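Reading through the structure tokens given below for one structure.
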Amino acid sequence: MLDGLKDIIRKSSIHVCLVNTGGCNGCDIEVVALLSPRYDLEQYGIYVHNNPREADVLLITGALAEQWKDKLQKIYAKTPEPKVVVAIGNCPLTGDVFNQEGSSVNAPVSDYIPVDAEVSGCPPRPTEILAAILAVGPDAIAARGRQKL
Amino acid sequence: MILPIGPVHPGLKEPLRLKLKTRGEKVLSAEIDYGYIHRGIERIMQGKTWQKGIFLSERVCGICSYIHTQTFAETFEKIAGEQAPLRAQYLRVLTNELDRIQSHLLANSTFFKALEHETLFMYMLTLREPVMDAIELLTGNRVNMGWNVVGGVKMDIKQTHMDQIMQIMNKLETDYGRYVQIYEDGPLVSGLRSKDVGVMTREESIMARAVGPIGRASGLEHDVREQHHTYKDNFDWNVVWRKEGDNFARTMNRFDEVWESISLIKQVINNIPEGDVRKKIDIPAGVAEWRNEAPRGEVTYSIETNGNLIKNISIRTPSIMNIDACAKYMLNDVATVADAVATYASSDPCIACAERVTILDETGSVRDFHGVHNINSNLKG
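Note that the protein sequences, when read in sequence, are chains A and B.
Under this note's numbering, the first residue of the first sequence is numbered 1, with each subsequent residue one higher.
Under this note's numbering, the first residue of the second sequence is numbered 1001, with each subsequent residue one higher.
This is the structure we're talking about:
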């Protein structure tokens, strides 16, 4: 019963940390647009906090610029278990237009940290980002929380 | 004591390291480290055709993505010595002003978030969504529009779309004044971390090369749109500027510019001429420089081409000057750390624009992360 209760609470309290690892900012402003009353992220119990130390979901945007290679792993390590990583946009998936000769990006992000969900698009629509967070967030967090107990 | 803020921090949207030198709660000075999102766009563009380059130029910055493609296209048009058809020029003004409205509303909402004024933050985002709809209606995308080409714009606009954009603008014009008033006359809001906080004088803004609403709020009456042929010849509008140079003036300057943008959009829709939206332009070898007014200030493109490929390109974005102005002059003797964060947010920083240079050492690893040399080096001692 306690597990069930914890599941319900965990599912409706998801803290999100947004990490821009070298994109054009487009995905980030779509995440900000999610906060607006039209999409209303917080009705799902999701709170964009930008603090990795208390995050459940790490939203990764950007194509992993040079100095994020080790920093992203540090941020991932600092995030407490259970945690979920959602890669937003084409940049963390493939590097998008930046992944060409002469660039200084190191996409994909999944080479450096494990990624649970990927949303393609340049940038994806806010609803798609929301759907991705909701698809992996609550269940995974509740399930992983049980494993730890 | 040096208080580091960032790169991933609740107060910041984008990665950047802000080092505040504090004594107690008082902020004495600040230093800023860049380099967290350097991608090497200028290097990638070299040796590419403009058809490929224009998509890269759009991704210099996601918030003001439109103006980069317009400046890129107009630089090539200047090399060819031609201009886009008049209807295309009008449509460029329309998109540019829509982009400016959404960018200014986003910037102000970020500032209100830094003030912890959630209500106005939500109001600003609510106002912004219909404008994003108008952009989507016009170009098909919300953020990266892919709308400009050298010689015009990609698609023509239909009358129904113009009517809908007009409706959105009418609605925005009716609603907007109320929210400006909440900020301007609000007894709590305007006193809170706004008035007389983060003051930059006119002389200081000249020395810091501040541009855009940040420079104009300090009394620099300068807007590149005054020199742009489309704006100069066809439209009736005013440069918005203020004298105070504090957080309040910067925010109000952005608020007031939205009125001008709404008026410009209405002028476009009422007076748009018939004709083509695109023409073929043969590009000779050459070099040219072109300036435009982005939402954050003056953006300059300097392109050298051999007629087909881009040989050399240099992009100068407004954010780098504004962020440096913020670090050097606004964050001097600020009363509290919370004031400093609000001041930083009021300078409308866009880090993605600012990243141009990364210095590598012999082994190829990143050694130094400064976009430019920090003009404020008094922290080192």
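The C-beta atom is built at its ideal place from N, Cα and C for all residues, glycine as well.
All figures in this text were calculated on a predicted structure; none of them were measured in a lab.
Cα-Cα, which of the options is closest to residue i?
i, options, result
"Ser-13 of chain A", "A:Arg-38, A:Thr-61, A:Glu-42", "A:Glu-42"
"Asp-1256 of chain B", "B:Ser-1314, B:His-1104, B:Arg-1209", "B:His-1104"
"Ser-1065 of chain B", "A:Gly-4, A:Val-105, A:Ile-29", "A:Ile-29"
"Ala-18 of chain A", "A:Ala-65, A:Gln-67, A:Ala-87", "At residue 18 of chain A the sequence reads Leu, which differs from the Ala that was named. Here the closest residue by C-alpha is A:Ala-87."
"Ala-140 of chain A", "A:Phe-98, A:Lys-83, A:Val-109, A:Arg-125", "A:Lys-83"
"Arg-1296 of chain B", "B:Cys-1350, B:Ile-1303, B:Gln-1089, B:Glu-1274", "B:Cys-1350"
"Val-136 of chain A", "A:Arg-125, A:Pro-126, A:Val-115, A:Pro-123", "A:Val-115"
"Met-1145 of chain B", "A:Val-57, A:Ala-131, A:Arg-125", "A:Arg-125"
"Leu-1137 of chain B", "B:Gly-1212, B:Gln-1167, B:Gly-1186, B:Met-1124", "B:Gln-1167"
"Ile-1310 of chain B", "B:Gly-1286, B:Thr-1300, B:Ile-1323", "B:Gly-1286"
"Leu-72 of chain A", "B:Gly-1152, B:Phe-1235, B:Val-1258, B:Val-1008", "B:Val-1008"
"Val-85 of chain A", "A:Leu-34, A:Asp-96, A:Pro-138, A:Asn-106", "A:Pro-138"
"Val-1277 of chain B", "B:Gly-1151, B:Leu-1120, B:Ile-1044", "B:Gly-1151"
"Leu-1125 of chain B", "A:Gly-26, A:Ala-33, A:Gln-100", "A:Ala-33"
"Trp-1237 of chain B", "B:Lys-1266, B:Asn-1247, B:Arg-1216", "B:Lys-1266"
"Asp-70 of chain A", "A:Tyr-47, A:Cys-24, A:Asp-111, A:Pro-37", "A:Asp-111"
"Val-1198 of chain B", "B:Asn-1148, B:Leu-1003, B:Ser-1218, B:Gly-1212", "Note that residue 1198 of chain B is Gly in the sequence shown here, rather than Val. Measuring from the Cα of Gly-1198 of chain B, the nearest candidate turns out to be B:Ser-1218."
"Ile-1320 of chain B", "B:Ala-1338, B:Ile-1214, B:Asp-1133", "B:Ile-1214"
"Trp-1050 of chain B", "B:Thr-1317, B:Ile-1323, B:Ile-1313", "B:Ile-1313"
"Asn-947 of chain B", "B:Arg-1059, B:Met-1122, B:Asp-1223", "Outside the modelled stretch of chain B, which goes from 1001 to 1381, sits residue 947 of chain B, for which no answer is possible."
"Ser-1347 of chain B", "B:Arg-1225, B:Phe-1112, B:Ile-1283", "B:Phe-1112"
"Glu-1031 of chain B", "B:Val-1240, B:Asp-1333, B:Asp-1324, B:Val-1341", "B:Asp-1324"
"Leu-1331 of chain B", "B:Arg-1023, B:Val-1258, B:Val-1153, B:Leu-1028", "B:Leu-1028"
"Ile-1063 of chain B", "A:Ser-120, A:Arg-10, A:Ile-129, A:Gly-26", "A:Gly-26"
"Glu-1274 of chain B", "B:Val-1180, B:Lys-1158, B:Met-1252, B:Gly-1191", "B:Lys-1158"
"Val-1093 of chain B", "B:Thr-1160, B:Tyr-1329, B:Phe-1235, B:Thr-1174", "B:Phe-1235"
"Ile-1269 of chain B", "B:Thr-1095, B:Arg-1250, B:Thr-1251", "B:Thr-1095"
"Leu-1172 of chain B", "B:Asp-1339, B:Pro-1284, B:Ser-1263", "B:Ser-1263"
"Leu-1086 of chain B", "B:Asp-1233, B:Arg-1023, B:Leu-1003, B:Tyr-1179", "B:Asp-1233"
"Asn-90 of chain A", "A:Val-109, A:Ile-46, A:Arg-53, A:Tyr-76", "A:Val-109"
"Arg-1100 of chain B", "B:Ser-1261, B:Lys-1279, B:Asn-1308", "B:Ser-1261"
Any beta carbon of chain B sitting closer than 9 Å to that of residue i?
i, result
"Gln-43 of chain A", "no"
"Ile-60 of chain A", "no"
"Leu-2 of chain A", "no"
"Val-32 of chain A", "yes"
"Ala-63 of chain A", "yes"
"Val-97 of chain A", "yes"
"Pro-114 of chain A", "no"
"Gly-137 of chain A", "no"
"Thr-101 of chain A", "A small fix is needed here, since residue 101 of chain A is Glu in this sequence, not Thr. Closer than 9 Å: yes."
"Val-159 of chain A", "The shown model of chain A, from 1 to 149, leaves out residue 159 of chain A, and the question about it has no answer."
"Glu-66 of chain A", "yes"
"Leu-130 of chain A", "no"
"Asp-157 of chain A", "For residue 157 of chain A there is no data in the structure shown, the boundaries of chain A being 1 and 149."
"Ser-120 of chain A", "no"
"Pro-108 of chain A", "no"
Where DSSP assigns a beta bridge to residue i, which residues make up the other side?
i, result
"Val-16 of chain A", "A:Val-48, A:Val-57"
"Asp-1033 of chain B", "B:Arg-1017"
"Ala-135 of chain A", "The partner list for Ala-135 of chain A (beta bridge, DSSP) is empty, contrary to what the question assumes."
"Lys-980 of chain B", "Nothing about residue 980 of chain B can be reported from this structure: the residues present for chain B run from 1001 to 1381 only."
Answer with yes or no whether the minimum CB distance from residue i to chain A is below 9 Å.
i, result
"Arg-1143 of chain B", "It is Val, not Arg, that sits at residue 1143 of chain B in the sequence shown. For Val-1143 of chain B, the answer is yes, since a Cβ of chain A falls inside 9 Å of its Cβ."
"Gln-1167 of chain B", "no"
"Glu-1355 of chain B", "yes"
"Ile-1310 of chain B", "no"
"Lys-1380 of chain B", "Summary for Lys-1380 of chain B: the model assigns pLDDT 36, below 50, so the residue's position carries little reliability, and this model does not support an answer."
"Ala-1114 of chain B", "no"
"Phe-1121 of chain B", "yes"
"Arg-1250 of chain B", "no"
"Ala-1352 of chain B", "yes"
"Met-1132 of chain B", "yes"
"Ile-1375 of chain B", "For Ile-1375 of chain B, the pLDDT reaches just 37, beneath the cut-off of 50, and the residue's location in the model is therefore unreliable, leaving the point undetermined."
"Val-1305 of chain B", "It is Thr, not Val, that sits at residue 1305 of chain B in the sequence shown. Output row for Thr-1305 of chain B: interface = no."
"Ser-1314 of chain B", "no"
"Ser-1347 of chain B", "no"
"Thr-1126 of chain B", "yes"
"Cys-1326 of chain B", "no"
"Val-1385 of chain B", "Since the first residue of chain B shown is 1001 and the last is 1381, residue 1385 of chain B is not available in this structure."
"Ile-1063 of chain B", "yes"
Does the ligand HEM have even one heavy atom less than 8 Å from the beta-carbon of residue i?
i, result
"Ile-1005 of chain B", "Absence of the ligand HEM is noted for the structure shown, with no ligands found whatsoever."
Check your understanding: Name the residues in the stretch 4 to 22 of chain A whose C-beta lies less than 9 Å from a C-beta of chain B; which are they?
Key -> Hits within the stretch, in order: Cys-17, Leu-18, Val-19, Asn-20, Thr-21, Gly-22.
**Study point:** Members of the stretch 1003 to 1017 of chain B near chain A, C-beta cut-off 9 Å
**Key:** Pro-1007, Val-1008, His-1009, Pro-1010, Gly-1011, Leu-1012, Lys-1013, Glu-1014, Pro-1015
Point to revise | the stretch 1285 to 1299 of chain B in contact with the stretch 1036 to 1051 of chain B per 3-pair CB rule at 8 Å | key: No: the two stretches stay apart, fewer than three of their Cβ pairs being nearer than 8 Å.
Review point. Along the stretch 82 to 94 of chain A, what residues have a CB closer than 7 Å to any CB found in chain B?
Key: none
**Study point:** Within 8 Å of chain A by C-beta, residues of the stretch 1027 to 1048 of chain B in sequence order
**Key:** Gly-1035, Tyr-1036, Ile-1037, His-1038, Arg-1039, Gly-1040, Ile-1041, Arg-1043, Ile-1044, Gln-1046
Practice item. Report yes or no: do the stretch 100 to 111 of chain A and the stretch 1071 to 1083 of chain B share at least 3 C-beta pairs separated by less than 8 Å? Key: no
Check your understanding: Should the stretch 1127 to 1135 of chain B be regarded as contacting the stretch 1054 to 1061 of chain B, the criterion being three or more beta carbon pairs within less than 8 Å?
Key -> Segments in contact, no.
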